[in-house]
Amino acid sequence: MRERAMAVRMMTVGVAGLGAAGGAVAARLLAGAEGLRLGAVSVRDEARARAALPGFEGPFLAPDALHAVCDVVVECLPPALFRTVAEPTLKAGRIFMPLSVGQLLAHWDLVALAEAHGGRIVAPTGALLGFDAVRAVAEGEVRSVTMVTRKPPAGLAGAPWLVRNAIDIDNLAAPLRVYQGSVREGALGFPANLNVAAALSLAGVGPDRTLLEVWADPTVDRNTHSISVEADSARFSMTIENVPSPGNPRTGRITALSVIAALRSLVSPLRVGS
Ligand SMILES: NC(=O)C1=CN([C@@H]2O[C@H](COP(=O)(O)OP(=O)(O)OC[C@H]3O[C@@H](n4cnc5c(N)ncnc54)[C@H](O)[C@@H]3O)[C@@H](O)[C@H]2O)C=CC1
Ligand SMILES: O=C([O-])CC(=O)C(=O)O
Numbered sequence: 001m002r003e004r005a006m007a008v009r010m011m012t013v014g015v016a017g018l019g020a021a022g023g024a025v026a027a028r029l030l031a032g033a034e035g036l037r038l039g040a041v042s043v044r045d046e047a048r049a050r051a052a053l054p055g056f057e058g059p060f061l062a063p064d065a066l067h068a069v070c071d072v073v074v075e076c077l078p079p080a081l082f083r084t085v086a087e088p089t090l091k092a093g094r095i096f097m098p099l100s101v102g103q104l105l106a107h108w109d110l111v112a113l114a115e116a117h118g119g120r121i122v123a124p125t126g127a128l129l130g131f132d133a134v135r136a137v138a139e140g141e142v143r144s145v146t147m148v149t150r151k152p153p154a155g156l157a158g159a160p161w162l163v164r165n166a167i168d169i170d171n172l173a174a175p176l177r178v179y180q181g182s183v184r185e186g187a188l189g190f191p192a193n194l195n196v197a198a199a200l201s202l203a204g205v206g207p208d209r210t211l212l213e214v215w216a217d218p219t220v221d222r223n224t225h226s227i228s229v230e231a232d233s234a235r236f237s238m239t240i241e242n243v244p245s246p247g248n249p250r251t252g253r254i255t256a257l258s259v260i261a262a263l264r265s266l267v268s269p270l271r272v273g274s
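For reference, each letter of the sequence shown is one residue, going 1 to 274 in UniProt numbering.
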């Protein structure tokens with residue numbers, strides 16, 4: 001049993017970017033998800049996308065045009081394209097569901113834009129876990145939130161933080177801590193790797209008070225994120241070990257499934273969890 005039964009309404013979903021996450025989201029919607037309809041997609045290579053989504057008859061549109069035919073637009077693009085889809089979607093009063101959540105920290109004015117135009121930004125839990133508990137304790141006193149990420153070195157390669165600081169993670173024989181500090185700096189230093197940390201911070205005590213460690217770890221084969229929380233109401237720690245996506249080792253396979261779960265929450269008559 002999952003949160004579903006009959007959907008209360010039908011929502012048309014646009015997917016911007018059909019890579020590791022977006023491709024799986026679109027395929028799942030196309031296969032059928034109650035109350036949700038794949039309305040349009042944005043791709044760079046239409047012929048390839050048509051082959052990957054047989055049976056899809058909707059339009060292929062630019063990322064900044066999806067909002068015209070969709071109630072909700074899921075952003076699954078490289079982080080640099082975040083704003084090009086976020087801004088028009090929110091100005092149109094639609095629901096914007098970002099995966100490049102770290103970009104919100106650098107484009108915070110979008111929250112006011114959403115408010116001004118009746119739009120909503122709904123960030124899924126993505127490749128992390130435990131946001132229900134984090135949101136709950138944040139209603140009380142939180143002493144600390146810490147996240148430790150371990151990824152196989154290939155999943156961190158090319159991150160701007162590593163390049164800027166000349167940190168070499170090729171041929172590591174042992175785990176190397178490559179970042180320790182606030183989520184604000186970390187999420188932007190690893191824009192394609194640590195959107196989960198940005199989302200955690202926004203669910204809880206914000207990007208300046210949420211602390212982050214990043215390890216390039218040749219001993220793990222899964223993207224592993226651990227969070228520890230100390231609050232007046234509870235203490236908890238949790239770990240998720242994500243299977244990397246076939247198309248992109250940076251991205252856990254659970255990411256697309258989390259988007260589908262978040263989309264179901266928008267239309268289902270029964271919603272479980274805060
Ligand atoms: N919030 C979370 O938990 C997670 C967030 N992410 C983030 O989600 C985003 C997507 O991740 P992936 O699917 O793994 O990336 P990906 O690199 O596999 O896919 C991006 C896709 O966008 C397409 N694209 C590029 N320019 C385009 C354009 N102008 N118009 C249409 N499509 C275009 C590319 O061709 C590619 O297919 C990234 O920013 C990633 O960092 C990834 C994993 C977890
Ligand atoms: O899939 C993961 O492990 C997390 C990730 O890439 C991100 O947050 O951008």
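Virtual Cβ for every residue (Gly too), placed ideally from N, Cα, C.
Residue burial classification, residue i (beta-carbon count within 10 angstroms, cutoff 16)
| i | result |
| --- | --- |
| Gly-181 | exposed |
| Ser-274 | exposed |
| Val-163 | exposed |
| Thr-251 | buried |
| Glu-141 | exposed |
| Glu-46 | exposed |
| Val-72 | buried |
| Val-243 | exposed |
Sheet register partners of residue i (DSSP bridge)
| i | result |
| --- | --- |
| Lys-98 | Contrary to the premise, residue 98 reads as Pro rather than Lys in this sequence. Pro-98 is bridged to Glu-75. |
Cutoff 8 Å; reference residue i; Cβ partners in own chain excluding five residues on either side
| i | result |
| --- | --- |
| Val-267 | Ala-7, Val-8, Arg-9, Met-10, Met-11, Glu-34, Gly-35 and Leu-36 |
| His-107 | Phe-82, Arg-83 and Ala-86 |
| Ser-258 | Pro-124, Thr-125, Gly-126 and Ala-127 |
Own chain partners of residue i with C-beta closer than 6 Å, once the 5 adjacent residues on each side are dropped
| i | result |
| --- | --- |
| Gly-217 | The displayed chain sequence assigns Asp, not Gly, to residue 217. These residues qualify, in order along the chain: Arg-150 and Pro-175. |
| Pro-59 | Ala-40 |
| Pro-82 | Checking the sequence, you will find Phe at residue 82 rather than Pro. Closer than 6 Å at the Cβ level, and outside the excluded window around Phe-82, lie Ser-100 and Gln-103. |
| Ala-154 | Pro-249 |
| Gly-17 | Cys-76 and Leu-77 |
| Ala-27 | none |
Boundaries (first-last residue) of the alpha helix (DSSP H) holding residue i
| i | result |
| --- | --- |
| Trp-215 | From DSSP, Trp-215 is part of no alpha helix (DSSP H) but of the beta strand (DSSP E) over 210–216. |
| His-117 | 109–117 |
| Glu-241 | It is not in any alpha helix (DSSP H) - Glu-241 instead sits in the beta strand (DSSP E) that spans 235–242. |
| Ala-21 | 20–31 |
| Leu-266 | 254–267 |
| Leu-172 | Where Leu-172 is concerned, there is no enclosing alpha helix (DSSP H), given that its DSSP letter is neither H nor E. |
| Leu-36 | Not the alpha helix (DSSP H): Leu-36 falls in the beta strand (DSSP E), residues 36–42. |
Delimiting residues of the beta strand (DSSP E) encompassing residue i
| i | result |
| --- | --- |
| Asn-195 | From DSSP, Asn-195 is part of no beta strand (DSSP E) but of the alpha helix (DSSP H) over 195–203. |
| Gly-181 | 176–182 |
| Thr-146 | 142–151 |
| Ala-231 | 223–231 |
| Arg-50 | Element bounds for Arg-50: not the beta strand (DSSP E) but the alpha helix (DSSP H), 46–52. |
7 Å Cβ shell around residue i - same chain, five flanking residues per side excluded
| i | result |
| --- | --- |
| Gly-189 | Ala-159, Pro-160, Trp-161 and Tyr-179 |
| Ala-62 | Ser-42 |
Practice item. Could you tell me whether the stretch 53–66 touches the stretch 31–45, where touching means 3 or more Cβ pairs closer than 8 Å? Key: yes
Review point. So, do the stretch 236–248 and the stretch 203–216 have three or more beta carbon pairs nearer to each other than 8 Å?
Key: no
Review point. Using 8 Å as the Cβ pair cut-off and three pairs as the minimum, do the stretch 186–201 and the stretch 108–120 touch?
Key: no
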